[in-house]
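A short worksheet on the structure shown next.
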Amino acid sequence: MEILFIIITAVLIDILFGEPPTKIHPVVLMGNIIDYFKKLLAPFNSKWTGILLTFLTIIIFVLIAYIFLEISKINDLIYLIVGSIILSSIFSIKFLITSIINVKNNLEFDINEARISVSYLVSRDTSDLTQRELISASIESLTENITDSIISPLFYSFLLGVLGGVAYRVVNTLDAMVGYKDPENIEIGWFPAKLDDILNYIPARITGLLIIFSAFILQKDWKNAYKIMIRDAKNTPSPNSGYSMAAAAGALKVKLTKKGVYQLGNNINSLEIETIDEAILLTEITIALFIIISSLLYAFFISILTFTLL
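The numbering of the sequence shown is our numbering, which starts it at 42 and goes up by one.
In structure tokens form, the structure reads like this:
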């Protein structure tokens with residue numbers, strides 16, 4: 042049951058304190074190491090190089106986490122605290138919510154500041170986006186990142202412990218850095234991108250279903266959320282990101298659009314600044330549901346396993 046304590050404590054650490062300082066942030070360190078090895082392996086750019094880069098980076102960070110955990114086993118409480126601190130650095134509940142609140146606040150007073158805020162969240166050019174396009178982009182980023190930034194790392198932590206969560210974060214960081222189809226990354230980034238798709242396959246669909254459940258709890262149109270998720274989830278280039286975005290679009294009865302790439306949902310309600318508040322609440326309930334349900338399932342299966350072995 043120790044992983045249950047570690048996960049819940051890690052969530053509380055993240056909610057209360059947010060991200061670690063940049064200089065000691067493990068994900069920033071991951072990025073620096075990935076960038077170093079990418080430059081080192083650049084002359085041998087191929088899919089095999091991408092496979093080597095992936096496993097090399099996973100081994101390094103899983104080994105570092107393992108060493109810290111083993112050293113901390115001198116005392117049970119120290120072990121739980123160290124595990125919680127490591128785990129709290131691989132997901133971003135507070136940062137994600139705060140970033141979207143910042144966009145909302147900027148939209149109320151200065152659209153140019155809002156464009157800058159949104160540019161940190163999405164890859165598209167935000168310099169000429171209208172207010173509604175900025176609202177759409179921020180809700181897309183929020184709901185897509187429920188999976189990548191929160192549900193997936195927690196899913197693999199429940200399944201494989203702290204080291205499983207760390208391994209997932211390495212793969213996701215690799216995908217964010219090299220998983221593109223431009224000439225520089227198309228070969229070396231192929232394997233990290235495919236592996237990230239595979240690892241997010243189940244969590245993405247769980248997230249979509251939990252958004253529908255959250256819509257039901259909030260007395261929103263959960264039936265429409267389900268309908269739009271089934272209809273539009275495959276409209277996105279990614280095989281996974283559409284599930285949470287489409288479910289949220291259906292629950293909010295809005296259309297989320299990335300010009301020339303995808304459209305999700307129907308334009309029943311207009312995209313207003315207040316829609317961001319609704320999306321944030323939907324996100325918070327979704328995260329809470331995942332943690333509660335996963336914790337109960339984990340405790341149940343551990344109890345059954347313990348009883349069986351007695």
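Cβ atoms here follow ideal geometry from the backbone N, Cα and C, with glycine treated the same way.
Bear in mind the structure is a predicted one, so any value in this text is a computation, not a measurement.
Rounded separation between residue i and residue j - CA only
| i | j | result |
| --- | --- | --- |
| residue 252 | residue 289 | 7 Å |
| residue 325 | residue 77 | 36 Å |
| residue 117 | residue 123 | 10 Å |
| residue 135 | residue 188 | 15 Å |
| residue 1 | residue 70 | Since the first and last residues shown for the chain are 42 and 351, residue 1 lies out of range. |
| residue 146 | residue 158 | 10 Å |
| residue 215 | residue 291 | 31 Å |
| residue 67 | residue 58 | 15 Å |
| residue 256 | residue 327 | 9 Å |
| residue 86 | residue 95 | 13 Å |
| residue 173 | residue 153 | 13 Å |
| residue 156 | residue 90 | 37 Å |
| residue 263 | residue 254 | 7 Å |
| residue 115 | residue 239 | 37 Å |
| residue 192 | residue 293 | 21 Å |
| residue 110 | residue 127 | 9 Å |
| residue 259 | residue 92 | 44 Å |
| residue 98 | residue 64 | 19 Å |
| residue 345 | residue 60 | 36 Å |
| residue 217 | residue 329 | 26 Å |
| residue 140 | residue 100 | 31 Å |
| residue 62 | residue 348 | 43 Å |
Pair within 8 Å by beta-carbon distance, residue i and residue j
| i | j | result |
| --- | --- | --- |
| residue 219 | residue 230 | yes |
| residue 203 | residue 102 | no |
| residue 113 | residue 105 | no |
| residue 162 | residue 50 | no |
| residue 297 | residue 149 | no |
| residue 250 | residue 273 | no |
| residue 276 | residue 303 | yes |
| residue 210 | residue 131 | yes |
| residue 199 | residue 335 | yes |
| residue 125 | residue 54 | yes |
| residue 225 | residue 88 | no |
| residue 160 | residue 167 | yes |
| residue 129 | residue 317 | no |
| residue 295 | residue 308 | yes |
Residues sharing a beta bridge with residue i, DSSP
| i | result |
| --- | --- |
| residue 297 | 305 |
Buried versus exposed, by CB contacts within 10 Å (16 or more), residue i
| i | result |
| --- | --- |
| residue 299 | buried |
| residue 80 | exposed |
| residue 232 | buried |
| residue 137 | buried |
| residue 194 | buried |
| residue 5 | The requested residue 5 does not occur in the structure, where the chain is confined to residues 42 to 351. |
| residue 151 | exposed |
| residue 144 | buried |
| residue 83 | exposed |
| residue 196 | buried |
| residue 185 | buried |
| residue 222 | exposed |
| residue 331 | buried |
| residue 350 | exposed |
| residue 248 | buried |
| residue 108 | exposed |
Taking contact to mean at least 3 C-beta pairs separated by less than 8 Å, is the region 44 to 51 in contact with the region 334 to 342?
yes
Can at least three beta-carbon pairs, one atom from the region 233 to 244 and one from the region 260 to 275, be found at a separation below 8 Å?
no
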